[in-house]
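Per the numbering used here, the very first residue in the sequence shown carries number 138; after that it's consecutive.
Ideal Cβ positions, reconstructed from N, Cα and C, are used throughout, including at glycine.
Here the structure comes first, spelled out in structure tokens, and everything after it is commentary.
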Amino acid sequence: MSLLAPLIASLERSAEPISPADIAARSFIALGPNSSLGLSKLKPLVQAGARFEWAVDDYCTASHIEGIPVITSAQLLERAKRLPADVVAIDFTQSSYSTGYFKALTERAGIELRDLLQAQAYFDTVGVYESVRTYRARTIARADDWLKFAQRLADDRSRETLYAVLLQRLEHDRNWAADIRLDGRDEYFGNADSNTFILGHQEHFVDCGAHRGTVLHKLLGITS
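Right, dumping it as structure tokens:
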């Protein structure tokens, strides 16, 4: 099923998907605080006023992260009944395994799970270069351009990838992108047995700031 219909509905709705009443005055649990997103996004949330009861990490050796007590998954299950009824778990992880693991853990503990982007939207913290609210506003402002761009893409998978990324921005929810995520093997340039982008013989390449040279390294490896 195409994501175009929910994308159009989200653009037409235009109102923020998260009401302040949904998160205001609630406390949080950080899941995967030592992940790459946890290491970069947890501190700004704390500084913006987010109150975290615990940080759940089975491999962390520190007792606290950003002033938050660190506990294991087993300890969360043991202590879940003592938590405030309106506590919300925030997932800072990215891999399908980790997100699936924490989804099962919070269901077992009876704790509501929210995506990191929702917390960032409420506290108006930075996504990459701008706040997620700004990303959303600018995406809506150029909605016609995005839809025109989609029609210029050569295949359905590329269009669905664009729709998923736009829905992630509009709805503050990374779950929209779950079906189009790729692991490192297929990221940017696929191998010979991949169904992602395969290089032909007529492409032109422009380095627009590939991350730390790793993308260029992969490009050179498959074009040698």
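According to DSSP, residue 251 sits in a beta bridge with which residue or residues? Partner(s): 227.
Straight-line Cα distance separating residue 229 from residue 211: If I take the Cα positions, the gap works out to 18 Å.
Tell me the DSSP secondary structure of residue 145 in three-state form. Three-state DSSP puts residue 145 in a helix.
Inter-stretch contact at 8 Å, needing at least 3 Cβ pairs: the region 249 to 264 / the region 175 to 182: Yes, the region 249 to 264 is in contact with the region 175 to 182.
Span separating the alpha-carbon of residue 154 from that of residue 304: Rounded to whole angstroms, residue 154 and residue 304 show a C-alpha spacing of 11 Å.
Going by the CB atoms, is the gap between residue 270 and residue 261 shorter than 7 Å? The answer is yes: Cβ separation under 7 Å.
Start-to-end residues for the beta strand (DSSP E) that takes in residue 192: Going by DSSP, residue 192 is part of the beta strand (DSSP E) stretching over 188 to 193.
Segment contact flag, the region 264 to 280 with the region 200 to 215, C-beta cutoff 8 Å, min 3 pairs: Because the criterion of three Cβ pairs below 8 Å is not met, the region 264 to 280 and the region 200 to 215 do not touch.
How many Å lie between residue 168 and residue 207 at the Cα? If I take the Cα positions, the gap works out to 10 Å.
Residue 227 and residue 165: beta carbons closer than 7 Å? Yes, Cβ-Cβ distance for residue 227 and residue 165 is below 7 Å.
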